[in-house]
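Single-structure report; data block below.
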Amino acid sequence: MATIVHAADLHIDGALPPQPGTYSLPAAEIRAAIRRAVEKLVDLTLTEAADLLIIAGDVFDRRADSGSAGEFFAAQMGRLREAAVPVLVTAGNHDVVCPLATGWPSNVHWFPADAATSVIFDDLGVAVHGQSLADPTEPADLAAGYPAPIRGFANLGMLHTSLDGSASKSICAPTSLAGLAAAGYDYWALGHVHERRVITQPTWAVFPGILQGRCPAEHGPKGATVLTTVGDAVVGVDHREVAVLRWEQLPLPAADGVDETLTQVSAVTRERADLPVVQVG
């Protein structure tokens with residue numbers, strides 16, 4: 001049996017989406033929350049006694065302060081090295097040809113961009129196949145060129161992809177569910193779509209969603225996926241929230257005037273005191 005944590009779209013120190021309205025949070029607070037969520041991702045990996053962490057793209061933003069972001073990420077991956085947990089990463093459209101993809105702790109492996117390759121864990125019975133993006137607007141169906149599955153292993157594919165484009169305006173490495181299924185893998189660890197999506201047929205294909213929501217559009221619980229394999233089969237796929245701030249869209253009853261609106265807002269926030277942050281718009 002193997003336990004694997006699947007995350008994507010960390011966007012450490014990346015550019016933030018516009019935040020409309022007067023209830024926006026300071027950029028520094030959101031960026032700090034992103035870093036804390038990465039720390040909690042490592043905490044989760046250790047708490048779950050996971051055998052492997054896989055990150056399907058956009059660890060960084062090519063417009064970010066790469067030095068500081070890289071040092072932070074390396075320090076967090078170093079915590080996993082001390083626990084002997086391997087980390088596999090594919091570059092996404094925001095960190096293509098990442099200059100930080102070398103010099104990591106010895107437990108971190110970035111998949112190359114020139115071709116899909118495989119990393120085999122004989123002790124876990126797991127084979128992971130992946131390819132980084134070389135172009136932020138990669139037009140090719142990279143999944144079509146992935147290696148054949150390895151018999152007797154649970155085969156996982158990693159890819160940063162817009163899939164069929166239905167959930168993302170930014171197209172990269174487009175493919176289809178039929179194309180993913182044709183690879184013959186047991187699970188596709190995807191990245192790029194910031195909303196969690198779990199597809200079970202014709203094969204497991206999961207977008208864990210962005211690790212930490214950065215604006216009202218990225219609302220709801222955000223985090224990572226924990227999957228369990230037994231033999232060559234995936235037997236469990238569960239979401240774990242790691243975000244330290246959560247944006248929510250909460251319905252308000254119709255109100256007459258500002259005072260009544262504020263009263264309704266106060267009532268709703270009291271009812272949802274479990275939420276660290278409530279965005280009202």
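Residue numbers (full-length UniProt numbering): 1 to 281. All residues carry an ideal CB built from backbone N, CA and C; glycine is no exception.
Checklist entry - Tell me, which residues are paired with Val108 by DSSP? => result Taking the sequence shown and counting its residues from 1, one reaches residue 108 at position 108. BP columns for Val108 point to Val87.
Item to check | Between the CA atoms of Ala116 and Ala27 - distance to the nearest angstrom | outcome: Here the question's residue 27 lines up with position 27 in the sequence shown. Here the question's residue 116 lines up with position 116 in the sequence shown. Those two C-alpha atoms are separated by around 36 Å.
Next on the checklist: My assumption, with CB atoms under 8 Å, is that Ala217 sits in contact with Asp186. Please give the rounded CB distance.
Outcome noted: Position 217 of the sequence shown, counted from the first residue, corresponds to residue 217. Position 186 of the sequence shown, counted from the first residue, corresponds to residue 186. About 32 Å separates the two Cβ atoms, so there is no contact after all.
Next on the checklist: Excluding the 5 residues flanking Asp238 on each side, which residues of the same chain have their C-beta closer than 6 Å to its C-beta?
Outcome noted: Position 238 of the sequence shown, counting from 1, holds the residue named residue 238. So the qualifying residues of the chain are Val226.
Item to check | Beta-carbon proximity of Gly92 to Leu53, cut-off 8 Å | outcome: If you number the sequence shown from 1, residue 92 lands on position 92. If you number the sequence shown from 1, residue 53 lands on position 53. Not closer than 8 Å, so no.
Next on the checklist: If the criterion is Cβ atoms closer than 8 Å, does the pair Thr45 and Thr228 meet it?
Outcome noted: As a position in the sequence shown, residue 45 is number 45, starting the count at 1. As a position in the sequence shown, residue 228 is number 228, starting the count at 1. For Thr45 and Thr228, no; Cβs fall outside 8 Å.
Checklist entry - Does Ala127 come within less than 8 Å of chain B when only Cβ atoms are used? => result Given the protein chain composition of this structure (a single chain), no chain B is represented.
Checklist entry - What number of angstroms, rounded off, separates the C-alpha of Glu195 from the C-alpha of Leu159? => result Translated into the one-based positions of the sequence shown, residue 195 becomes position 195. Translated into the one-based positions of the sequence shown, residue 159 becomes position 159. If I take the Cα positions, the gap works out to 16 Å.
Next on the checklist: Closer than 8 Å is the cut-off here; do at least three beta carbon pairs connect the region 143-161 with the region 175-192?
Outcome noted: Contact between the region 143-161 and the region 175-192 is present, because at least three Cβ pairs lie under 8 Å.
Item to check | Beta-carbon spacing of Ala50, Val85 below 8 Å | outcome: In the sequence shown, the residue the question calls residue 50 occupies position 50. In the sequence shown, the residue the question calls residue 85 occupies position 85. Contact flag set, yes.
Checklist entry - Does DSSP classify Ala2 as helix, strand or coil? => result The sequence position of residue 2 within the sequence shown is 2, counting from 1. If DSSP states are grouped into helix, strand and coil, Ala2 belongs with the strands.
Next on the checklist: Suppose the cutoff is 6 Å on Cβ atoms and the five residues either side in sequence are ignored; what does the same chain contact list for Pro221 look like?
Outcome noted: Counted from its first residue, the sequence shown places residue 221 at position 221. Result list for Pro221: Glu241, in chain order.
Item to check | Contact set for residue 294: own chain, Cβ-Cβ below 8 Å, skip 5 residues either direction | outcome: What the structure shows of the chain is the stretch from 1 to 281, and residue 294 is not part of that stretch, so it cannot be assessed.
Checklist entry - Taking C-alpha atoms, which residue in Asp43, Arg246 and His192 lies nearest to Asp164? => result As a working note, residue 164 is residue 164 in the sequence shown. Of the candidates Asp43, Arg246 and His192, the one whose C-alpha sits nearest the C-alpha of Asp164 is His192.
Checklist entry - Going straight from the alpha carbon of Ser68 to that of Ala37, what length do you get? => result By one-based count along the sequence shown, residue 68 stands at place 68. By one-based count along the sequence shown, residue 37 stands at place 37. Near 16 Å, if we compare the C-alpha coordinates of Ala37 and Ser68.
Item to check | Chain-order list of residues whose beta-carbon lies under 7 Å from that of residue 285 (same chain, five-residue window excluded) | outcome: Outside the shown range of the chain (1 to 281) lies residue 285, about which nothing can therefore be said.
Next on the checklist: Is it buried or exposed, Gly231, if we count other Cβ atoms within 10 angstroms and call 16 or more buried?
Outcome noted: For the purposes of this step, residue 231 is identified with residue 231 of the sequence shown, where counting begins at 1. Under this definition Gly231 is an exposed residue.
Checklist entry - Using the beta-carbon count (16 or more within 10 Å), is Asp13 buried or exposed? => result Position 13 of the sequence shown, counted from the start, is the residue given in the question as residue 13. Label assigned to Asp13: buried.
Item to check | Distance, Thr203 Cα to Glu71 Cα | outcome: Indexing the sequence shown from 1 puts residue 71 at position 71. Indexing the sequence shown from 1 puts residue 203 at position 203. Computed Cα separation, rounded: 37 Å.
Item to check | Exposed unless 16 or more other CB atoms sit within 10 angstroms - verdict on Arg151 | outcome: As a position in the sequence shown, residue 151 is number 151, starting the count at 1. Burial state of Arg151 is exposed, judged by a 10 Å Cβ sphere holding fewer than 16 other Cβ atoms.
Checklist entry - Helix, strand or coil for Ile12 per DSSP? => result In the sequence shown, the residue the question calls residue 12 occupies position 12. Strand at Ile12.
Checklist entry - What are the start and end residues of the alpha helix (DSSP H) that includes Arg35? => result As a working note, residue 35 is residue 35 in the sequence shown. Ala27 to Thr47 is the extent of the alpha helix (DSSP H) around Arg35.
Checklist entry - Hey, quick one: how far does the alpha helix (DSSP H) through Gly179 stretch, first residue to last? => result What you label residue 179 is simply residue 179 of the sequence shown in a count that begins at 1. Start and end: Leu177 to Ala182.
Next on the checklist: Using C-beta distances below 6 Å, list every residue in its chain close to Pro136, excluding the 5 sequence neighbours before and after it, in chain order.
Outcome noted: Position 136 of the sequence shown, counted from the first residue, corresponds to residue 136. If we look at Pro136 and ignore the five residues flanking it on each side, its Cβ neighbours are Asn93 and Val96.
Checklist entry - For Ser68, which of helix, strand or coil comes out of DSSP? => result Taking the first residue of the sequence shown as 1, we reach residue 68 at position 68. Ser68 falls in the helix class under three-state DSSP.
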